[in-house]
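Novice: With UniProt numbering as the guide, the letters of the sequence shown map in order to residues 1 to 583.
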Amino acid sequence: MATAGPMQYGVTAPLSNALPTDAENQASNDLIEELKRQNNYESTSDTNKRTVVLQSLQSITEEFVRKVSRAQGLNENLVKNAGGKIFTYGSFRLGVFGPGSDIDTLVVVPKHITINDYFEHFPDLLIKMAPAGAITDLTPVTDSFVPIIKFEYSGISIDLIFSRLAYLSQVPKDLTLADDNLLKGLSEPELRSLNGTRVTDDILNLVPQKAIFRTALRAIKLWAQRRAIYANIMGFPGGVAWAMLVARVCQLYPKATSSTVVLKFFRIMEKWQWPTPVLLKPAQLTPKGGAQMNVRVWNPKVYHSDRNHLMPIITPAYPSMCATHNITRSTQKIICRELRRGGEITDKIMTGKNPWKDLFIKHTFFTQGYKYYLSVIAASTTTNAQLIWAGWVESKVRLLVAGLEDHESIALAHPFNKGFERVHKCQSEEDVEKAKSNLEFQIKQIPTETTDPANLPNGDAIVNDQIANGDEKSTVGGGTMVYTTTWYIGLELQEGAKSLDLSWQVDNFKRLCMGWEKHDPELNALNVIHTKNYDLPEDVFGEGEIKPARPQKRKVVHGAARKRPATEESSTIPPKRQQTSVA
């Protein structure tokens with residue numbers, strides 16, 4: 001009788017089944033200690049707090065379904081058994097969350113509950129059933145890619161999305177989402193909502209050692225965040241894409257310890273033959289069970305757009321999708337550059353020459369990055385308008401990057417992975433117009449890591465209230481408040497570039513953004529301006545970072561310009577032509 005061989009994870013056999021050495025085990029212990037020093041793990045009490053919040057959300061979900069069911073006239077037995085269930089996805093479900101992490105959460109309900117019911121009743125039930133004052137910053141977003149309710153529950157950020165199950169009249173408490181048949185009859189937003197949990201579950205089921213995977217993923221996520229290459233919307237891999245890359249390396253080295261997985265991650269992904277896709281299991285083109293569904297599955301043999309993906313990382317759950325379709329030529333170069341750098345550092349770490357903290361050194365995007373930047377400034381005069389407008393503009397910045405890449409003088413267009421939110425207080429209409437394109441009237445930058453009103457301007461209660469809830473033009477002390485979000489794109493010029501007229505690319509971008517049906521010229525503005533590195537605002541620099549110095553003017557001696565010392569860096573653009581045309 002033949003004995004079964006070792007289980008194969010992934011689409012190929014492992015590259016090595018070697019057990020870890022003592023040195024590799026020690027390196028893994030050192031990695032965990034460094035992650036703890038980097039505050040990457042949450043305390044047990046804070047994790048228990050999350051459990052309580054999720055239990056409360058489960059109770060609220062069940063009451064929500066009962067309330068809507070009664071309103072629809074269902075008999076009490078059906079009302080009682082209709083159910084409803086909370087699922088999680090993302091970093092929390094993967095087990096790699098840390099202090100301050102949000103919880104990506106999904107509400108699953110029976111077929112008779114609609115998205116309109118969700119937005120009409122769920123917010124009120126949250127406030128009613130949660131402890132007094134526990135729900136803050138409650139923001140329903142009805143028109144996003146996936147309709148969502150955002151809020152803070154006892155200080156924990158919750159992103160709550162919705163899906164009904166089109167063929168189930170009851171949602172049992174032991175329901176899982178693994179069955180492909182649950183996708184039948186769903187709208188595209190509902191299907192996307194369900195797939196977050198389905199993909200996360202598949203990733204965990206497709207790695208040989210979950211604890212090893214989690215530690216390695218914590219390290220890679222921290223590295224990617226520190227190097228500013230973590231943001232799907234800006235053309236970099238997001239959380240699920242980084243998780244799938246680490247999972248693939250775990251499959252190739254199923255017995256390796258976390259330190260080895262991190263090293264192999266850099267070396268394998270640095271040499272990956274893109275656009276060969278990264279797959280955790282063979283592509284599933286049809287649902288299991290033979291159900292007929294009109295759902296698009298990633299398939300470059302069928303869809304021309306799928307062939308254009310530069311670094312395809314494919315989700316394992318049906319229907320398979322590309323998690324990295326936003327990557328551009330520039331962001332691909334930046335990712336590959338960072339993978340090489342990370343591999344060189346990790347090589348030294350594994351040979352005892354460097355400590356793990358060297359892998360997590362912060363990016364130098366603003367301090368040593370580029371001489372020239374584009375500043376994309378979205379502005380509004382109410383906070384609700386800015387929430388919607390900034391989200392729309394942010395989703396289009398990568399298209400501006402793609403346009404810049406085609407310019408003959410630009411070698412690389414590097415978007416920073418986060419926008420900078422600021423508040424401006426203006427005393428006149430002229431001030432308001434200025435605030436939409438400069439920082440002259442800035443009160444405070446809103447921290448990019450949190451929207452907690454306590455971190456907003458000087459604890460000003462009026463301003464804080466309006467930032468959280470404002471839907472009218474905000475005024476403080478007789479002034480008008482302007483809210484801006486600014487994204488920065490670093491420009492690397494081609495050697496010998498003589499001029500840089502970007503007006504065509506910028507005009508196209510502005511037409512795209514302002515052609516949106518929800519753009520309101522009375523409330524929203526968009527400016528794109530050229531910014532030299534020494535003119536970057538102070539608030540983009542972190543503690544201890546040194547802002548680039550303004551070049552000294554050349555002295556004139558006896559009517560002739562002083563010769564520039566060899567150590568001074570000369571510009572690729574002649575001084576009289578340095579101004580980038582973006583009007």
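Ideal Cβ placement from N, Cα and C applies to all residues, glycine included.
To the nearest angstrom, how far is it from the Cα of residue 350 to the Cα of residue 251?
Specialist: Going by the C-alpha atoms only, they are around 21 angstroms apart.
Novice: For the UniProt domain "Poly(A) polymerase central" (213-361), list the beta strand (DSSP E) runs that are entirely contained and at least 3 residues long, ordered along the chain.
Specialist: Whole beta strand (DSSP E) segments, 3+ residues: zero.
Novice: Would you call residue 524 buried or exposed, if buried means 16 or more other Cβ atoms sit within 10 Å of its Cβ?
Specialist: Buried, since its Cβ has 16 or more Cβ neighbours within 10 Å.
Novice: Count the CB pairs spanning the stretch 522-537 and the stretch 377-390 that are closer than 8 angstroms, and state whether there are at least three.
Specialist: yes
Novice: Can you name the start and end residues of the alpha helix (DSSP H) that residue 403 belongs to?
Specialist: Under the DSSP assignment, residue 403 falls in the alpha helix (DSSP H) whose first and last residues are 383-405.
Novice: Per DSSP, what kind of secondary structure is residue 138 in: helix, strand or coil?
Specialist: strand
Novice: If I measure Cβ to Cβ from residue 409 and keep anything under 8 angstroms in the same chain, skipping five residues before and after, which residues do I get?
Specialist: 493, 494, 497, 498, 499, 500
Novice: At the 8 angstroms Cβ level, is residue 505 part of the contact set with chain C, yes or no?
Specialist: The question asks about chain C, but that chain is absent: this structure has only one protein chain.
Novice: Since residue 380 is in the beta strand (DSSP E), which residue starts that stretch and which ends it?
Specialist: 372-380
Novice: Spatial neighbours of residue 99 within its chain, please: C-beta separation below 7 angstroms, excluding the five flanking residues on both sides.
Specialist: Closer than 7 angstroms at the Cβ level, and outside the excluded window around residue 99, lie 39, 42, 46.
Novice: Would you mind sorting residue 16 into buried or exposed? The rule is 16 or more other CB atoms within 10 Å of its CB.
Specialist: exposed
Novice: Quick check on the DSSP output: what are the complete beta strand (DSSP E) runs of length 3 or more inside the stretch 145-214, in order along the chain?
Specialist: Unbroken beta strand (DSSP E) runs of no fewer than 3 residues, entirely contained in the stretch 145-214, are found at 148-153, 156-164, following chain order.
Novice: I'd like the ranges of any beta strand (DSSP E) spanning at least 3 consecutive residues and lying wholly in the stretch 496-562.
Specialist: 524-532
Novice: Do residue 68 and residue 113 have their CB atoms nearer than 8 angstroms?
Specialist: Going by C-beta atoms, residue 68 is nearer than 8 angstroms to residue 113.
Novice: From residue 330 to residue 412, what distance separates their C-alpha atoms?
Specialist: 5 angstroms
Novice: Tell me the DSSP bridge mates of residue 83?
Specialist: 171
Novice: Tell me which same chain residues have a C-beta within less than 7 angstroms of the C-beta of residue 148, skipping the five on either side of it?
Specialist: 141, 159, 160, 161
Novice: Check whether the stretch 75-93 touches the stretch 21-39, counting contact only when three or more Cβ pairs, one atom from each stretch, lie closer than 8 angstroms.
Specialist: no
Novice: Closer than 6 angstroms by C-beta to residue 630: which residues in its own chain qualify, once you throw out the five before and the five after it? Chain order, please.
Specialist: One cannot answer for residue 630 here, as it falls past the ends of the chain, which runs 1 to 583.
Novice: How many whole angstroms separate the CB atoms of residue 509 and residue 403, which I take to be in contact at a CB cut-off of 8 angstroms?
Specialist: Rounded, the Cβ-Cβ distance is 7 angstroms, consistent with contact.
Novice: Can at least three beta-carbon pairs, one atom from the stretch 308-315 and one from the stretch 264-280, be found at a separation below 8 angstroms?
Specialist: Output reads yes: the stretch 264-280 touches the stretch 308-315.
Novice: Which whole-angstrom value describes the C-beta separation of residue 487 and residue 416, a residue pair presumed to lie in contact below a C-beta threshold of 8 angstroms?
Specialist: 7 angstroms
Novice: With 16 other CB atoms within 10 Å as the buried threshold, where does residue 361 fall?
Specialist: exposed
Novice: Using the Cβ count rule (16 or more neighbours within 10 Å means buried), how would you classify residue 230?
Specialist: buried
Novice: According to DSSP, what are the bridge partners of residue 481?
Specialist: 425
Novice: Count the other C-beta atoms from every protein chain shown that fall within 10 angstroms of the C-beta of residue 193, then say buried if there are 16 or more, exposed otherwise.
Specialist: buried
Novice: Mind checking residue 151: buried by the 16 CB within 10 Å criterion, or exposed?
Specialist: buried
Novice: For the beta strand (DSSP E) holding residue 121, just list the boundary residues, first then last.
Specialist: Counting along the chain, residue 121 falls outside any beta strand (DSSP E), though it belongs to the alpha helix (DSSP H) covering 115-129.
Novice: For residue 492, which residues does DSSP report across the bridge?
Specialist: The partner list for residue 492 (beta bridge, DSSP) reads 412.
Novice: For residue 15, name the three-state secondary structure that DSSP assigns.
Specialist: coil
Novice: Alpha helix (DSSP H) containing residue 589: first to last residue?
Specialist: Outside the shown range of the chain (1 to 583) lies residue 589, about which nothing can therefore be said.
Novice: For residue 143, which of helix, strand or coil comes out of DSSP?
Specialist: Note: residue 143 maps to coil in three-state DSSP.
Novice: With a cut-off of 8 angstroms, do at least 3 Cβ pairs link the stretch 237-252 to the stretch 420-436?
Specialist: Cβ pair count under 8 angstroms is below three, so no.
Novice: According to the neighbour-count rule (16 or more other Cβ atoms, all chains shown, within 10 Å of its Cβ), is residue 459 buried or exposed?
Specialist: With a pLDDT of 28 at residue 459, under the threshold of 50, the predicted position of this residue should be treated as unreliable, and no value is reported.
Novice: By DSSP, does residue 96 sit in helix, in strand, or in coil?
Specialist: coil
Novice: If you pair each beta-carbon of the stretch 82-94 with each one of the stretch 56-65, do three or more pairs fall below 8 angstroms?
Specialist: yes
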